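0 is the number of the first residue of the sequence shown in numbering that gives the first Met the number 0; add one for each residue after it. C-beta atoms are modelled at their ideal positions from N, C-alpha and C, and glycine is treated no differently. Because the structure is a prediction, the values reported are computed rather than measured.
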Amino acid sequence: MEKDALSGIEKEVLDLLKKEEKDYLTGTQIRNGISSALLKRLGLKKKSAATEVVNKLAPHLGEHLQVYKAAKLYIGYKRSWEEIVLNKIKQKPGLSSRQLGMNLPMLKKNYIATLNALLEAGLLVCTFRENYVDSLKISDKTRVPEKFKEGPADARIAFKEA
0 MEKDALSGIE KEVLDLLKKE EKDYLTGTQI RNGISSALLK RLGLKKKSAA
50 TEVVNKLAPH LGEHLQVYKA AKLYIGYKRS WEEIVLNKIK QKPGLSSRQL
100 GMNLPMLKKN YIATLNALLE AGLLVCTFRE NYVDSLKISD KTRVPEKFKE
150 GPADARIAFK EA
């Protein structure tokens, strides 16, 4: 494949992430979202396994994307664990820690460590509902930069500025 084709692969995945308004997608979501022409170029089919799709795409991800390994394989923007958790809570404030953890592209030990670090730093607030279920929200004192949505290149800088 030519260099233009490789950048085309990365661009198509980036466009899919932007279209879905998500920071990461599962292999199945990517397989179903990218064009059949790209699947064919990679030697894949619409029925290819999600792991096979991610493995074929991984060498072509470039500097803006990475593979996340958890219970499932994900491809998403290169972001720190803190950025991923804060973005998800920003999108859906009030999630319980359990609900949040089930939909993140990280292992449980990384998730718990990240959540504890964000709580200790005062970036997150944990309250409890009437049914004893915790509810996570971004602290009022925390200014989450809008740059997180703009693109992966500025995300780390924006997080450090917060």
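query	result
Environment of Lys-87 [buried if 16+ CB atoms lie within 10 Å]	buried
Span of the beta strand (DSSP E) around Gly-121	Element bounds for Gly-121: n/a, residue is neither H nor E.
N-terminal and C-terminal residue of the beta strand (DSSP E) that Gly-56 is part of	The question names Gly, but residue 56 in the sequence shown is Leu. Note, Leu-56: premise wrong, no beta strand (DSSP E); alpha helix (DSSP H) at 49-56.
Within 7 Å, strictly: CB atoms of Gly-100 and Tyr-110	yes
Beta-bridge pairing of Gly-75 - partner residues as DSSP gives them	Tyr-23, Gln-65
Between the CA atoms of Ala-116 and Lys-136 - distance to the nearest angstrom	14 Å
Buried or exposed (CB count within 10 angstroms, at least 16 for buried), Phe-147	Reliability fails at Phe-147, whose pLDDT of 47 lies under 50, so the model's placement of it is uncertain and the value that follows must be treated cautiously. Buried is the call here.
Which residues DSSP lists as bridging Lys-136, in chain order	Val-124
Whole-number beta carbon distance between Ser-95 and Asp-139, since they are thought to touch under 8 Å	Asp-139 to Ser-95, Cβ: 20 Å. No contact.
Helix, strand or coil at Asn-109 [DSSP, three-state]	helix
Residue nearest to Ala-49 in terms of C-alpha spacing, selected from Ile-29, Ile-33, Val-66	Ile-29
Pair within 7 Å by beta-carbon distance, Pro-104 and Ala-70	no
Per-residue burial, Tyr-67 [other beta carbons within 10 Å of its own, 16 or more giving buried]	buried
Per-residue burial, Tyr-73 [other beta carbons within 10 Å of its own, 16 or more giving buried]	buried
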